[in-house]
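For the numbering used here, count along the sequence shown from 1 and bump the result up by 487. Right, one structure below, let's go through it.
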Amino acid sequence: MMPELRVLYFEDLEVGLSETLNKVIASSDVVGFAEITGDRNPIHLSEHFAARTPFGTRIAHGLYTAGLISAVLGTRLPGPGAVYISQTLNFRAPVRIGDTVEVTVEVAELVPERRRARLKCTCSVAGEVVLDGEALVKVPTKAEADPLAVRMGGRPASA
Ligand SMILES: C[C@@H](O)CC(=O)SCCNC(=O)CCNC(=O)[C@H](O)C(C)(C)COP(=O)(O)OP(=O)(O)OC[C@H]1O[C@@H](n2cnc3c(N)ncnc32)[C@H](O)[C@@H]1OP(=O)(O)O
488 MMPELRVLYF EDLEVGLSET LNKVIASSDV VGFAEITGDR NPIHLSEHFA
538 ARTPFGTRIA HGLYTAGLIS AVLGTRLPGP GAVYISQTLN FRAPVRIGDT
588 VEVTVEVAEL VPERRRARLK CTCSVAGEVV LDGEALVKVP TKAEADPLAV
638 RMGGRPASA
């Protein structure tokens, strides 16, 4: 999943606007997440260990799956310039190696005075919700992002 970047400013958002991305979970993703975070819980890394858990096989780190929500927020909705304030997470079912995770974020509430957007976040595998929660992000306005372009009537500063 390497989606094209899309910038939405606070003014572009409306309740109900949503974005969905899919990601196949590779073993190398899980190993890489273990390396960069230091979470080497064998439930993620060892088939021998994981076989003796209720899941029966290796599962992805919950925070790796959650990171896919961050990817949608940071690249598509709202996109570049969005700043995380908070995120709730409910890990409802395991994600296994090879699963395709469908990540959807949807604008649930806008707070114009503070340029905040609250987004409902859902990750599913084959129609089953594996993770859900809510994100709160600060979203740049057009004027904050490029004040010169706004003064020039929306034309980019280089024009
Ligand atoms: C630290 C790291 O290294 C480790 C990880 O990252 S592990 C990877 C992330 N976690 C997961 O993948 C776990 C996914 N979740 C599950 O598999 C299950 O939710 C569970 C095994 C944790 C719990 O299952 P169980 O004990 O069988 O619970 P029930 O299904 O019987 O449900 C009982 C009630 O609790 C509610 N509930 C269960 N899980 C959650 C949850 N994650 N968030 C919120 N609520 C949850 C469930 O709805 C039931 O409620 P009810 O009112 O009784 O219906």
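Using N, Cα and C, we set each Cβ at its ideal position, and we do this for glycine too.
To the nearest angstrom, report how far apart residue 506 and residue 523 are at their CA atoms.
-> 27 Å
Return the chain-ordered list of same chain residues with a C-beta closer than 6 Å to the C-beta of residue 563, the five sequence neighbours on each side being excluded.
-> Closer than 6 Å at the Cβ level, and outside the excluded window around residue 563, lie 490, 493, 506.
Counting Cβ pairs closer than 8 Å, one from the stretch 532-541 and one from the stretch 612-626, do we hit at least three?
-> no
At a cut of 8 Å, does the stretch 581-590 reach the stretch 545-553 through at least three beta carbon pairs?
-> yes
Enumerate in chain order the residues of its own chain whose CB-to-CB distance from residue 628 is below 7 Å, with the five nearest sequence positions on each side excluded.
-> 496, 497, 498, 602
Regarding residue 545 and ligand 1, is the C-beta to nearest heavy atom distance less than 7 Å?
-> no
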